Amino acid sequence: MKNIYHSDIYKFNSPVNSYWEDTSKENFNLEKLTKNINCEIAIIGGGYTGLLCAINLIENYNLDVILLEAGKVGWGASSRNGGFCSFPPIKTSYKKLQKIYGKQETKKFFKNAVEGSNYTKDIISNYNIDCDVTGESNFIVAHHPNKFKQIKEQAEIYKNEFGIQTEIYSKEEFNNIGHGGTEQFGALSYKPGFAINPLKFVNGIAKYALSKKLKIFEHTFVDKIDKINVSYNLKTKEGSVNAKKIVVATNGFYQEGLVPQLNDRILPVISNIIVTRQLTKNEIDLHNFKTFSPIANTKNLLYYYRKLPDNRILFGTRGDFIGSDHSNLVRSKIMENFFKNIFPSWSNISVDYNWRGLIAMSQKLTPSIGKIKNEEIYYGFGYHGVGVASAPWTGKQLSKLVFSSNSKDLNISKIYKGLPKKFIFPKLRIFYFRLAVLFYNIKDKLNI
Ligand SMILES: Cc1cc2nc3c(=O)[nH]c(=O)nc-3n(C[C@H](O)[C@H](O)[C@H](O)COP(=O)(O)OP(=O)(O)OC[C@H]3O[C@@H](n4cnc5c(N)ncnc54)[C@H](O)[C@@H]3O)c2cc1C
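Everything in the sequence shown is counted per numbering that gives the first Met the number 0, starting at 0 for the first residue and increasing by one.
Listed below in structure tokens is the structure:
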């Protein structure tokens, strides 16, 4: 199988050196697959999508499911994201969605996105997961005075078209309840929204799945899938699985070659995070950083940040284009400058952690849920960096699809359904992305 990025980013055997790994020492130590076994449904990928699909297949349909994960359970983006439970999972505007799919489907899409956020909240309470929930809404901060008008319009559309609870704060008002800094010119809040410790969340889900007798194999990378009559044979290094149906839940960590019909459709993009040392109350007050809710700004290449429960600041943005450990380090230094430019009074605050991972984008610019034509292979991916609310929900939708084997049965917005187009000259995907970044960088410099 082919990697799009440097092999450093696919070191399945070791977890990333994240802040989250230092807050939770839970280790399931599950066995790897070392024999040949049979099952009804094999799920590839043990993040939010794969785990929730498995749990729903077992609980609602009593099916025989196994899950194969290349690293430890949750190794991918699900254990290392920023923990922002936000929506919608798109990299396009609602206006464009309305133009392509119509008003009704766009309305339904936003309704589904809100359902996703509520589903994540329900999982936390129903599975009894202690994952350090903070905040009561999401904030979008205008990073330039030009952008205040834009968030006011967004607040109106969210409220009037999609029934989403929103509020607008002037620069002064947000300084009192949110934060200050050089790039704060007012903000919009929308609900539902909150923040979590993503590793504790995925571990809690895995614990629940194990209590429901889901068989999970860790450190079991699926190398190859062969079709034998009406079933599939999934080959791993030391064993194999015969399954009637397969769910591909690998999102940004999908490697080209696994399923021909999925090849060349996903653009994995690196997202990087830095976390500062703990700040004292006096230091926090220098920027009036009051809120524990997740925040994103209005840049095209957006910054996302939040105050963690122990008064550290987590700050994230797009990563580098290479994926090596070295390029990660270089990028984290650049990000530290971004962070300190918007919060200059913290220029002497050191950074304790930096790490990165892969998100999945596609030409659709929205998620993709479905079944491959004439095959019993199902997929759910492409959350565009917004998977805490949408990946578990997608897992649940996938379970219904797998059970019925019929995508027409799925009562969700059409915007989710079906595969994105293949990239033309797919080897140039990262180059296309570089060009897009260049373009958006210029727009951000001009504040448009
Ligand atoms: C740095 C970063 C920050 C983010 N921040 C946020 C955020 O704050 N809020 C938000 O909503 N979203 C965020 N996201 C996105 C979010 O984490 C993802 O959308 C979500 O976790 C996707 O879940 P998943 O289960 O589909 O995929 P993943 O969690 O990535 O899981 C896929 C799994 O598939 C496994 N796999 C791949 N290939 C194989 C194979 N051949 N055989 C076996 N296993 C395989 C991988 O090991 C991996 O564990 C962030 C992502 C990153 C990387």
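Cβ atoms here follow ideal geometry from the backbone N, Cα and C, with glycine treated the same way.
These numbers were taken from a predicted model, which means no experiment stands behind them.
- With a beta-carbon spacing of about 16 Å, Lys421 and Gln254 fall beyond the 8 Å limit used to define contacts.
- Closest by C-alpha distance to Ser367, out of Gln277, Lys395, Leu418, is Leu418.
- Following the DSSP letters along the chain, one finds Ser367 in no alpha helix (DSSP H) but inside the beta strand (DSSP E) bounded by residues 367 to 370.
- Boundaries of the alpha helix (DSSP H) around Cys52: 47 to 60.
- In the three-state reduction of the DSSP assignment, Glu30 falls in the coil class.
- Leaving aside the five residues that flank Gln362 on each side, the residues in its chain whose CB is nearer than 6 Å to its CB run, in chain order, Pro419, Lys420.
- Close CB contacts of Asn196 within its chain, under the 8 Å cut and outside five residues either way in sequence, are with Trp19, Thr22, Ser23, Gly82, Cys130, Asp131 (chain order).
- Residue state for Lys10 is assigned as coil, using DSSP reduced to three classes.
- In terms of side-chain proximity, the C-beta atom of Arg330 is found no nearer than 7 Å to any non-hydrogen atom of ligand 1.
- When the Cα atoms are used, Asp324 and Tyr9 turn out to be separated by approximately 11 Å.
- Under the criterion of beta carbons closer than 8 Å, Tyr47 and Ala295 do not qualify as touching, at roughly 20 Å.
- Cα atoms of Lys339 and Phe314: separation of roughly 10 Å, rounded to the nearest angstrom.
- Relative to ligand 1, the nearest heavy atom lies less than 7 Å away from the CB of Val221.
- Under DSSP, the beta-bridge partners assigned to Thr275 are Val350.
- The beta carbon of Glu104 sits closer than 7 Å to those of Ser412, Lys413, Ile414, all from its chain and outside the five residues before and after it, given in chain order.
- Counting only runs of at least 3 residues, the stretch 155 to 217 fully encloses the following beta strand (DSSP E) elements, listed from N- to C-terminal order: 164 to 168, 186 to 190, 214 to 216.
- Restricting attention to Met360, Gly192, Val247, the CA atom closest to the CA of Ser85 is found in Gly192.
- One alpha carbon belongs to Val72, the other to Phe27, and they sit about 8 Å apart.
- Taking Leu67 as the centre and dropping the five residues before and after it, the same chain places the C-beta of Ile43, Phe216, Thr219, Val221 closer than 6 Å to its C-beta, in chain order.
- CA-to-CA, the gap between Glu166 and Leu257 works out to about 45 Å.
- Taking a 10 Å sphere around the C-beta of Ile447, we find fewer than 16 other C-beta atoms and assign the residue as exposed.
- Within the stretch 76 to 127, the alpha helix (DSSP H) runs of at least 4 residues that lie entirely inside it are, in chain order, 93 to 100, 102 to 125.
- Listed in chain order, the non-local C-beta contacts of Gln396 below 8 Å within the same chain comprise Ile368, Gly379, Leu409, Ile411, Tyr415, local neighbours out to five positions each way being set aside.
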